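Data block below; observations after.
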Amino acid sequence: MAITRKRIGVLTGGGDCPGLNAVIRAVVKTAHNDYGMEVIGFKDGYEGLIENRYMHIDTKSVSGLLSRGGTILGTSNRADPFNFPVLQGDEYVHLDRSSQAVLNFESMGLDALICIGGDGTMNATAGMAAKGIPVIGVPKTIDNDLVGTDVTFGFDSAVVSATEAIDKIHTTAQSHHRVMIVEVMGRYAGWIALHSGIAGGGDIILIPEIPYDIESVCEKIRDRTSQGKNFSIIVVGEGAKPIGGDMVVAKIIENSPEKIRLGGISHQLAAQIEGLTNIECRVTILGHLLRGGAPSAFDRILATRFGVEAVHMVERGDFNQLVVLKNNSLSQVPLESVAGKQRLVECDHPMVKTALSLGVCLGHPENMTLDEYCDSAVLHNKIKFE
Ligand code: F6P
Numbered sequence: 003m004a005i006t007r008k009r010i011g012v013l014t015g016g017g018d019c020p021g022l023n024a025v026i027r028a029v030v031k032t033a034h035n036d037y038g039m040e041v042i043g044f045k046d047g048y049e050g051l052i053e054n055r056y057m058h059i060d061t062k063s064v065s066g067l068l069s070r071g072g073t074i075l076g077t078s079n080r081a082d083p084f085n086f087p088v089l090q091g092d093e094y095v096h097l098d099r100s101s102q103a104v105l106n107f108e109s110m111g112l113d114a115l116i117c118i119g120g121d122g123t124m125n126a127t128a129g130m131a132a133k134g135i136p137v138i139g140v141p142k143t144i145d146n147d148l149v150g151t152d153v154t155f156g157f158d159s160a161v162v163s164a165t166e167a168i169d170k171i172h173t174t175a176q177s178h179h180r181v182m183i184v185e186v187m188g189r190y191a192g193w194i195a196l197h198s199g200i201a202g203g204g205d206i207i208l209i210p211e212i213p214y215d216i217e218s219v220c221e222k223i224r225d226r227t228s229q230g231k232n233f234s235i236i237v238v239g240e241g242a243k244p245i246g247g248d249m250v251v252a253k254i255i256e257n258s259p260e261k262i263r264l265g266g267i268s269h270q271l272a273a274q275i276e277g278l279t280n281i282e283c284r285v286t287i288l289g290h291l292l293r294g295g296a297p298s299a300f301d302r303i304l305a306t307r308f309g310v311e312a313v314h315m316v317e318r319g320d321f322n323q324l325v326v327l328k329n330n331s332l333s334q335v336p337l338e339s340v341a342g343k344q345r346l347v348e349c350d351h352p353m354v355k356t357a358l359s360l361g362v363c364l365g366h367p368e369n370m371t372l373d374e375y376c377d378s379a380v381l382h383n384k385i386k387f388e
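Residue numbers (our numbering): 3 to 388.
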């Protein structure tokens, strides 16, 4: 009796990050070595599944992938199968192409689909699960904002890159006695700013979760000057905003499921600080630099563990789950429990407490505890909830 080999599909969706190729490599090697399964890679995320664009990936084709940034499959942050942009004439219309995706999956004789992505991709993947596709999610994003897992791969590499940049900014800040503002990505979550700010020795760290009081930021700078420290380093998350103010939107991408692109708060901050303190400021926006390049050793290991485990889950039939890391052990959570949610920094998070113990200003007044500040009626009255 002929034994049929299992066939797995794999795709990478959403913004890229270091470690995607390491997952693909681990999936292919485990599928081949442990189970003799075949792997098909869909190109450009769900776009490839809907448009039948794919490639066979064998162990030879993943050689050298571990340390390579980006994704050999390509990715797209517009390819939501339930809201898929299709050009009609000069305009995009959004159509539900999920049934086409199911049809293509079935006609290729696939047994499972491994989707490597962030919140947007997991949302779509939960939807595909509801349509009967046996899916497994693998959590990626530099933002580290997926619920269910302690960490996503890509985050550590982004923190390493941001920290290197902050180290370099430090020396020139010292020479010129300036306030240097380093803006990092992270969308609505301050994980990258908080971690790289601590790793890079930032004096002020501003994150989206704690709207900042500009007077308190300037007070910290003046205080440092009075102690003979004639420079200050501010690390700011792109989603940070002043009390009562708004996040700075850099761009609106009409045909993307997540339309808003943030960026530019650091320029606003620099103008305010110069106006209030008369100290020269300079701005560096790290942007996509944090998404590029080789994965850190931590991310290579995490991505590899996730990829290996995802294939074991296929073999066990543990579908509609996201592979996660909890207390350094691999585990899994139902996809529907993570879809549409975001993991933000909480005011009492241990890393926030670490920053406070170091004397880092998080945008709050010195004479108030962070708890008091976050709870204060003043703040509540002034925060605009969207
Ligand atoms: O989600 C990852 C991320 O890099 C965010 O930190 C950032 O806001 C966004 O993607 C940028 O998206 P794009 O690559 O579409 O400009």
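Where is the CB? At the ideal position from N, CA and C, for every residue including glycine. Every value quoted in this text rests on a predicted model; they were computed, and no experiment measured them.
Endpoints, the beta strand (DSSP E) within which residue i is located
i	result
Ile254	251-254
His58	56-59
Ala114	114-119
Ser333	331-336
Val264	Residue identity differs from the one stated: residue 264 is Leu in this sequence, not Val. 262-264 is the extent of the beta strand (DSSP E) around Leu264.
His366	No beta strand (DSSP E) contains His366, which DSSP labels as neither H nor E.
His96	93-97
Phe84	Counting along the chain, Phe84 falls outside any beta strand (DSSP E), and DSSP gives it neither H nor E.
Gln323	323-328
Val149	Counting along the chain, Val149 falls outside any beta strand (DSSP E), and DSSP gives it neither H nor E.
Val137	137-141
Ser258	Run containing Ser258: none; DSSP gives neither H nor E here.
Residue i vs residue j beta-carbon contact at 8 Å
i	j	result
Val184	Gly309	no
Val347	Ile194	no
Leu68	Ala24	yes
Asn79	Gly129	no
Asp205	Arg226	yes
Ile118	Leu22	yes
Val237	Ile207	yes
Val149	Gln334	no
Ala312	Ile116	yes
Val398	Leu337	Since the first and last residues shown for the chain are 3 and 388, residue 398 lies out of range.
Val30	Thr61	yes
Asp18	Gly66	no
Ile154	Thr143	A quick correction: the sequence has Thr, not Ile, at residue 154. Against a cut-off of 8 Å, the Cβ pair of Thr143 and Thr154 comes out as a contact.
Gly156	Pro20	yes
Val162	Ser298	yes
Residue span of the alpha helix (DSSP H) that contains residue i, given as start and end
i	result
Phe308	299-318
Leu358	352-359
Ile212	Segment: none, Ile212 is in no alpha helix (DSSP H) and carries neither H nor E.
Cys376	372-377
Ser198	193-201
Ser268	267-279
Cα-Cα separation, residue i to residue j
i	j	result
Asn280	Lys243	22 Å
Gln323	Phe44	20 Å
Leu264	Met182	20 Å
Asp152	Val326	7 Å
Gly134	Met124	15 Å
Pro367	Met187	25 Å
Phe84	Ile275	45 Å
Ala114	Asp158	29 Å
Arg180	Gly16	37 Å
Phe107	Ser100	11 Å
Lys328	Gln229	43 Å
Ile245	Asp215	6 Å
Leu97	Phe86	5 Å
Asp377	His269	28 Å
Val88	Gln102	14 Å
Met110	Gly120	25 Å
Ala341	Lys253	25 Å
Arg293	Gly91	34 Å
Val251	His58	40 Å
DSSP bridge partner residues for residue i (one or two, in chain order)
i	result
Tyr48	DSSP lists no partner for Tyr48.
Met39	None; Met39 has no bridge partner.
Ser163	DSSP output for Ser163 lists no bridge partner at all.
Thr14	Ile118
Thr32	Its beta-bridge partners do not exist; DSSP assigns none.
Cys283	Val181
Phe155	Lys142
Assigned exposure category for residue i - 16 Cβ within 10 Å defines buried
i	result
Pro352	exposed
His290	exposed
Ile212	buried
Ile2	Nothing can be reported for residue 2, as the shown portion of the chain is limited to 3 through 388.
Leu13	buried
Glu240	buried
Leu364	buried
Thr371	exposed
His197	buried
Glu256	exposed
Glu40	buried
Glu49	buried
Lys231	exposed
Ala191	buried
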